[in-house]
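Beneath this line is the structure, given in structure tokens, with notes to follow.
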Amino acid sequence: MAVWGSVEHVLGSAVFLGLCAALLVLLLLLVTPQRRPGFPPGPPALPLLGNLLHLSMKDPMPDLEKIAGRYGNVYSLFLGNKPVVMLHGLQAVREALVTQAADFAGRPQGLMLNHVTDSKGLIMADYGAVWKEHRRFTLNSMRNFGLGKVSMETRILAETAHICSHLDKLNGAAVDPHELIHSAASNIICSVLFGTRYEYDDKTLAFFISSFKENARVANGAWAVIYDTLPFVRRLPLPFQKVFRNYAALKKMTRGIVNKHKMTRIPGEPRDLIDCYLDDMHKKSAMVSSLDEERLVMLLLDLHFAGTDTSSNTILSALLYLTTYRDAQVLCQQEIDSVLGDRPHVSYDDRHQMPFVMATIHEIQRVANIAPLGVFHSTTRGTTLMGYHIPQGTMVVTNLTSVLFEESQWEHPHDFYPTHFLDSRGEFVKPEAFLAFSAGPRVCLGESLARMELFLILVTLLRRFQFVWPRGSMKPDMRPVFGGIQSPQAYSLEAHPRRASQRRCSYISI
Numbered sequence: 033m034a035v036w037g038s039v040e041h042v043l044g045s046a047v048f049l050g051l052c053a054a055l056l057v058l059l060l061l062l063v064t065p066q067r068r069p070g071f072p073p074g075p076p077a078l079p080l081l082g083n084l085l086h087l088s089m090k091d092p093m094p095d096l097e098k099i100a101g102r103y104g105n106v107y108s109l110f111l112g113n114k115p116v117v118m119l120h121g122l123q124a125v126r127e128a129l130v131t132q133a134a135d136f137a138g139r140p141q142g143l144m145l146n147h148v149t150d151s152k153g154l155i156m157a158d159y160g161a162v163w164k165e166h167r168r169f170t171l172n173s174m175r176n177f178g179l180g181k182v183s184m185e186t187r188i189l190a191e192t193a194h195i196c197s198h199l200d201k202l203n204g205a206a207v208d209p210h211e212l213i214h215s216a217a218s219n220i221i222c223s224v225l226f227g228t229r230y231e232y233d234d235k236t237l238a239f240f241i242s243s244f245k246e247n248a249r250v251a252n253g254a255w256a257v258i259y260d261t262l263p264f265v266r267r268l269p270l271p272f273q274k275v276f277r278n279y280a281a282l283k284k285m286t287r288g289i290v291n292k293h294k295m296t297r298i299p300g301e302p303r304d305l306i307d308c309y310l311d312d313m314h315k316k317s318a319m320v321s322s323l324d325e326e327r328l329v330m331l332l333l334d335l336h337f338a339g340t341d342t343s344s345n346t347i348l349s350a351l352l353y354l355t356t357y358r359d360a361q362v363l364c365q366q367e368i369d370s371v372l373g374d375r376p377h378v379s380y381d382d383r384h385q386m387p388f389v390m391a392t393i394h395e396i397q398r399v400a401n402i403a404p405l406g407v408f409h410s411t412t413r414g415t416t417l418m419g420y421h422i423p424q425g426t427m428v429v430t431n432l433t434s435v436l437f438e439e440s441q442w443e444h445p446h447d448f449y450p451t452h453f454l455d456s457r458g459e460f461v462k463p464e465a466f467l468a469f470s471a472g473p474r475v476c477l478g479e480s481l482a483r484m485e486l487f488l489i490l491v492t493l494l495r496r497f498q499f500v501w502p503r504g505s506m507k508p509d510m511r512p513v514f515g516g517i518q519s520p521q522a523y524s525l526e527a528h529p530r531r532a533s534q535r536r537c538s539y540i541s542i
């Protein structure tokens, strides 16, 4: 009997352990993300983590390239339990953003960026009536304040004169241009939004720029991925909380600027975008409208961040490439001198007579690859893309890097080669695969302003200075620092007044 009892105990324990193992397997199966039939394929996912271990947090772009090579140009990953459809290459990206634009015009919700901004700005607002009203208002207001007109040229050239003055004072000494260019780009968009220009050592300007930089660094790094993947850690005192604190301070400062405008504005005589918004808000007070002061603050922060970070990092990339590729710098300068002659300053219309300069600027945008994955999209309804079914509300990521470096689209995709944007007659052309500003309804709102800034600032600087590396300096690292908005590595250069042309920036008052 004792032996039988012992056997019965062992069998009972084995059954219990077997049941526990079966329950554990069942639990793992339940929490392991599974792809539905017809959904884009992709690598197997882990419970809770999804496909996080398939990607490097420092720079996931090479990993995404490998996964696309195995699973195709439309594939899927899991961010925790959340499915994400990845689009690789021109055909897939254009099919989604242009051919089926309305289906892919949404923004994913429930991410850290949504929670930081309350989804009230333009960037992360979902596709709908509120977003459309604010985008329409912003485009109209920016046109009224000179976007594409002489008045906007004046603002940009006035700020460029301050850059030139700063470089003149250095007398050719080595300088890291990052702070200077970030400050100038911020001032240009501030002149449109707030009607204000800050000195480069102003504490308010410094706070805006440093907060934008820190938020971008955290929001595009591993801690944001952890926040988005593991909801149960969101209240813990981890580094992503710094983004929320920064944003609260940015909102407070911006709200203070709005309040000053409310006290000093004259209805019907707008000085800047804030006044335009307040005018429209009061006109529509008796109508159904989404305009309100909280959304105004969020809109201003979105536009200020986007107008500062993207333009400044593109200009910094331009200086990096033009200083490295001196032949391109010299050819640009020759074309600039030929077109401008003795005129005091450049006009945006001059771009039509400067094909090589235009080609060089576009090639810099291509290789700089400022927004490698664009801004994330989501489907506004269930749809089909290249044979795959994608349910409503699915996050969609457009790999713009794969388009800007696609071997079938570019003659020398991995080289700096301005001829990509010149035809056989030497005229400027823009290939279909140039999607630096994305495409479709969510195309970059500030594209026109960014194009004008790049042309006017770079032409003015190249006309006035020769950019060279400091003597004895090491070859610069051309690889960008990965992020939602990529930036060039830190570097220093020297700006020497051109001996062939001693023209100085013309100082323009606004």
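Mind the numbering: the sequence shown is residues 33 to 542 in my numbering, read in order.
A virtual CB, placed ideally from N, CA and C, is assigned to each residue, including glycine.
From a predicted model like this one, the values you see are computed outputs, not experimental measurements.
Nearest-angstrom Cβ-Cβ length linking residue i and residue j, presumed shorter than 8 Å
| i | j | result |
| --- | --- | --- |
| Val500 | Thr261 | Their Cβ separation, rounded to whole angstroms, is 46 Å, which puts Val500 and Thr261 out of contact at 8 Å. |
| Pro450 | Ala338 | That pair is no contact at about 26 Å. |
| Tyr523 | Pro512 | No, Tyr523 and Pro512 are not in contact; Cβ-Cβ is about 12 Å, not under 8 Å. |
| Leu87 | Glu464 | Rounded, the Cβ-Cβ distance is 29 Å, inconsistent with contact. |
| Val399 | Phe448 | 6 Å |
Where residue i falls, given that 16 or more other Cβ within 10 Å makes a residue buried
| i | result |
| --- | --- |
| Ile298 | exposed |
| Gln498 | buried |
| Val257 | buried |
| Lys315 | exposed |
| Gln397 | buried |
| Phe272 | buried |
| Ala54 | Note on Ala54: pLDDT 47, under 50, position unreliable in the model; the coordinate value appears next. Exposed. |
| Ala190 | buried |
| Thr416 | exposed |
| Gly288 | exposed |
| Gln534 | Low confidence applies here, because Gln534 scores a pLDDT of 44, under 50, leaving its location unreliable and the question unanswered by this model. |
| His120 | buried |
| Ala124 | buried |
| Ala248 | buried |
| Phe264 | exposed |
| Asp208 | exposed |
Own chain, CB closer than 6 Å to residue i, minus 5 neighbours either side, in chain order
| i | result |
| --- | --- |
| His394 | Phe453 |
| Asn252 | Gly515, Gly516 |
| Glu185 | Tyr380 |
| Val491 | Ile368, Val378 |
| Glu526 | Gly204, Ala206, Val500, Pro502 |
| Glu165 | Ser322 |
| Phe48 | The predicted model places Phe48 with a pLDDT of 48, which falls under 50 and marks its position as unreliable, so this point remains unresolved. |
Proximity below 8 Å, CB of residue i to CB of residue j
| i | j | result |
| --- | --- | --- |
| Tyr159 | Ala137 | yes |
| Thr426 | Pro76 | no |
| Phe226 | Ile155 | no |
| Pro404 | Leu432 | yes |
| Val117 | Pro65 | no |
| Ser215 | Tyr232 | yes |
| Gly82 | Gly112 | yes |
| Ser470 | Ala100 | no |
| Thr192 | Leu436 | no |
| Lys284 | Glu246 | no |
| Ser322 | Ala161 | yes |
| Leu493 | Gln365 | no |
| Met543 | Asp324 | In the structure as shown, the chain starts at 33 and stops at 542, and residue 543 therefore has no counterpart that could be examined. |
Sequence-distant residues of its chain with Cβ nearer than 7 Å to residue i (five each side left out)
| i | result |
| --- | --- |
| Leu143 | Asp260 |
| Val371 | Asp382, Gln385, Met386 |
| Asp311 | Pro299, Gly300, Pro302 |
| Thr286 | Val329, Leu332, Leu333 |
Enclosing beta strand (DSSP E) for residue i [first to last residue]
| i | result |
| --- | --- |
| Leu321 | Sequence check: residue 321 is Ser here, not Leu. Premise fails: Ser321 is in no beta strand (DSSP E) and is neither H nor E. |
| Ser108 | 106-111 |
| Phe388 | Phe388 -> not in any beta strand (DSSP E); alpha helix (DSSP H) instead, spanning 387-400. |
| Thr430 | 427-431 |
| Thr575 | The requested residue 575 does not occur in the structure, where the chain is confined to residues 33 to 542. |
| Glu485 | First-last for Glu485: 479-496, but that is the alpha helix (DSSP H), not the beta strand (DSSP E). |
| Glu526 | 526-529 |
| Tyr309 | That residue, Tyr309, is in no beta strand (DSSP E); its alpha helix (DSSP H) goes 305-315. |
| Tyr420 | 420-422 |
Same chain only: Cβ atoms within 8 Å of residue i, ignoring 5 sequence neighbours per side
| i | result |
| --- | --- |
| Glu485 | Ile188, Ala217, Ile220, Ser343, Ile347 |
| Leu85 | Leu78 |
Delimiting residues of the alpha helix (DSSP H) encompassing residue i
| i | result |
| --- | --- |
| Ile221 | 210-225 |
| Gln365 | 358-372 |
| Pro94 | 93-103 |
| Ala124 | 122-126 |
| Arg67 | It is not in any alpha helix (DSSP H) - Arg67 carries neither H nor E in the DSSP assignment. |
| Lys292 | 273-296 |
| Ile155 | First-last for Ile155: undefined, no H or E at that position. |
| Tyr259 | 254-261 |
| His147 | 144-149 |
| Val250 | 235-251 |
Check: residue i C-beta below 7 Å from any heavy atom of the ligand PLP
| i | result |
| --- | --- |
| Pro445 | In terms of ligand content, the structure shown is empty, and the ligand PLP therefore cannot be addressed. |
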